[in-house]
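Numbered by my numbering, the letters in the sequence shown go through residues 24 to 442 in order. Just so it is clear, CB atoms sit at the ideal spot from N, CA and C, and this is done for glycine as well. For clarity, every value in this text was computed on a predicted model and none was experimentally measured.
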Amino acid sequence: MCDLQCEVLIIGAGPAGLAAARAAAESGKRIVVLDDNPRPGGQIWRDGPEVQLPAVATDYRQALNSLHNVTLLNATRVVAQYGGQQILYESAEGHGVITYRRLILCCGARELLLPFPGWTLPGVSGAGGLQAQIKNGLPIKGLRVAIAGSGPLLLAVASSVVKAGGEVVLLAEQAGFQRVMAFTCELWRWPTKFRQAFSLANRHYRTNSQVLAAEGKERIESVRVRQGKQIHTLACDRLACGFGLVANIELAMLLGCRIVNEAIAVDRLQQTSVKQVFAAGECTGIGGSELALVEGAIAGYAATENKEKAQQQMEQRDRWQSFAMAVTQTFALNQALKSLATPDALLCRCEDVKQGQLSEYTDWANAKLGSRCGMGACQGKICATAVRHLYGWPLPKPRIPLTPVRAETLALLSQSKVE
Numbered sequence: 024m025c026d027l028q029c030e031v032l033i034i035g036a037g038p039a040g041l042a043a044a045r046a047a048a049e050s051g052k053r054i055v056v057l058d059d060n061p062r063p064g065g066q067i068w069r070d071g072p073e074v075q076l077p078a079v080a081t082d083y084r085q086a087l088n089s090l091h092n093v094t095l096l097n098a099t100r101v102v103a104q105y106g107g108q109q110i111l112y113e114s115a116e117g118h119g120v121i122t123y124r125r126l127i128l129c130c131g132a133r134e135l136l137l138p139f140p141g142w143t144l145p146g147v148s149g150a151g152g153l154q155a156q157i158k159n160g161l162p163i164k165g166l167r168v169a170i171a172g173s174g175p176l177l178l179a180v181a182s183s184v185v186k187a188g189g190e191v192v193l194l195a196e197q198a199g200f201q202r203v204m205a206f207t208c209e210l211w212r213w214p215t216k217f218r219q220a221f222s223l224a225n226r227h228y229r230t231n232s233q234v235l236a237a238e239g240k241e242r243i244e245s246v247r248v249r250q251g252k253q254i255h256t257l258a259c260d261r262l263a264c265g266f267g268l269v270a271n272i273e274l275a276m277l278l279g280c281r282i283v284n285e286a287i288a289v290d291r292l293q294q295t296s297v298k299q300v301f302a303a304g305e306c307t308g309i310g311g312s313e314l315a316l317v318e319g320a321i322a323g324y325a326a327t328e329n330k331e332k333a334q335q336q337m338e339q340r341d342r343w344q345s346f347a348m349a350v351t352q353t354f355a356l357n358q359a360l361k362s363l364a365t366p367d368a369l370l371c372r373c374e375d376v377k378q379g380q381l382s383e384y385t386d387w388a389n390a391k392l393g394s395r396c397g398m399g400a401c402q403g404k405i406c407a408t409a410v411r412h413l414y415g416w417p418l419p420k421p422r423i424p425l426t427p428v429r430a431e432t433l434a435l436l437s438q439s440k441v442e
């Protein structure tokens, strides 16, 4: 067991967390960064054998390594709030308690996966999930890949597939043509995004297109898609679906932070409703790496009481927030996506709960009690977000431990409650 003390504890080492650490470290105070990935960078800057990181990611990594007052805990997970200003954590080496004066939540986001017939077949994955697997060395050369869902991430995934030697046979975007074109025509306001969009252009990109079903026996063999008013079936070896991102807010909910529109509510200094707790990046609203970087810097400066430097970043943050708003409006999910799941389609993969089994319930608590939906290994991280979109039920309150842990860690948590 290794207990630590610090002035600022940062949860998450994606762009927001790295920027927060870099800014907070200027104070000379002791900073601890905790992240569940083996290397810093989060999902967008995930490292691996098939990855060439962008220059900005390398710059932040090198800066973090050179800061002697920053301790980075990789492959480490938050278990629970342990005390008033303490976090219980666990890693492969053991567990411990971190005591902090200020906390910055940079917990990122995860994919929204919506159920449809065949979505649990081998070869079907999340769009971001496929991208992560490719970065980690998944062989995909010569495979036919269909990509469907919504948002700019689909283009990035398609680019990863092509670079790895795969063949993109379909890139189905659910948003309509007029909305996408209007968004594209506005990209001149953000030149880096304008250049990025055209570098990721793919000839198989189709708007107003929705996946209807993945088909196959042992694994996926084809995908059925609606394009406008027509329905097509395309042969493929893999299908990657992503319907946008949802903020990771479980720890914030546990700490009692105010949640607005399913994201952590913050003020101009990235401070939450809980004193001494700040938040930045995708957990405060989906906005991309550029916005996450500037929000992280503001949070890092504000948490170390350098308000002057924090305020210097706000104009840039406003600029990237306007881009995030444009993305949100353009790729808002069509209500028709709610009808993709048939009564026989699995909703909760952990407990084998079908969509039709939830029709008799009106809230999440009763659905869990009656069907065990959300009570498996992922504790509802996949199905609860889908249910929120399908039925409008709010996300359930998180339970501790926040992640599966070893018995000795659980015993320590139990002991803290007794004391």
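| Asked | Found |
| --- | --- |
| Assuming residue 174 contacts residue 265 under a Cβ cut-off of 8 Å, what Cβ separation, rounded to an integer in Å, is found between them? | 7 Å |
| Go ahead and pull the three-state DSSP assignment for residue 280. | coil |
| Take residue 84 as the anchor and find which of 329, 40, 32, 49 has the nearest alpha-carbon. | 40 |
| Residue 289 by DSSP, collapsed to three states: which one? | coil |
| So the alpha helix (DSSP H) residue 184 belongs to, where does it begin and stop? | 176-186 |
| Is residue 126 near residue 150, with beta carbons less than 7 Å apart? | no |
| Count the other C-beta atoms from every protein chain shown that fall within 10 angstroms of the C-beta of residue 254, then say buried if there are 16 or more, exposed otherwise. | exposed |
| Compare the C-alpha of residue 93 against each of 46, 68, 71 and name the closest. | 46 |
| Ends of the beta strand (DSSP E) at residue 202? | No beta strand (DSSP E) contains residue 202, which is instead part of the alpha helix (DSSP H) from 200-208. |
| Just mark residue 35 as buried or exposed, buried being the case when its beta carbon has 16 or more other beta carbons within 10 Å. | buried |
| Short check: CB of residue 273 to CB of residue 425, under 7 Å? | yes |
| Report yes if the CB atom of residue 407 is closer than 7 Å to the CB atom of residue 139, and no otherwise. | no |
| Our contact map puts residue 260 next to residue 166 with C-beta atoms below 8 Å; I'd like the distance itself, whole angstroms only. | 4 Å |
| Nearest to residue 428 by alpha carbon, out of 99, 71, 88? | 99 |
| Roughly how many angstroms separate the alpha carbons of residue 258 and residue 246, rounded to a whole number? | 6 Å |
| Given residue 394, which residues of its chain have a CB within under 6 Å of its CB, disregarding the five upstream and five downstream residues? | 376, 380 |
| Alpha carbon to alpha carbon, how far is residue 371 from residue 63? | 31 Å |
| Taking residue 253 as part of the beta strand (DSSP E), name the residues at either end of that continuous run. | 253-258 |
| Helix or strand or just coil, what does DSSP make of residue 79? | helix |
| Go through its chain and collect everything with a Cβ distance to residue 307's Cβ below 6 Å, but skip five positions before and after it. | 286, 287, 289 |
| Taking C-beta to C-beta, are residue 129 and residue 323 nearer than 7 Å? | no |
| Rounded to the nearest angstrom, what separates residue 193 and residue 357 at their Cα positions? | 19 Å |
| Does the beta-carbon of residue 362 have 16 or more other beta-carbons within 10 angstroms, so that it is buried, or is it exposed? | exposed |
| Rounded to a whole number of angstroms, what is the C-alpha to C-alpha distance between residue 96 and residue 53? | 14 Å |
| Touch check for the stretch 345-355 and the stretch 203-219: three-plus C-beta pairs under 8 Å? | yes |
| Excluding sequence positions up to five away, which residues of its chain have a Cβ less than 8 Å from the Cβ of residue 90? | 44, 45, 48, 54 |
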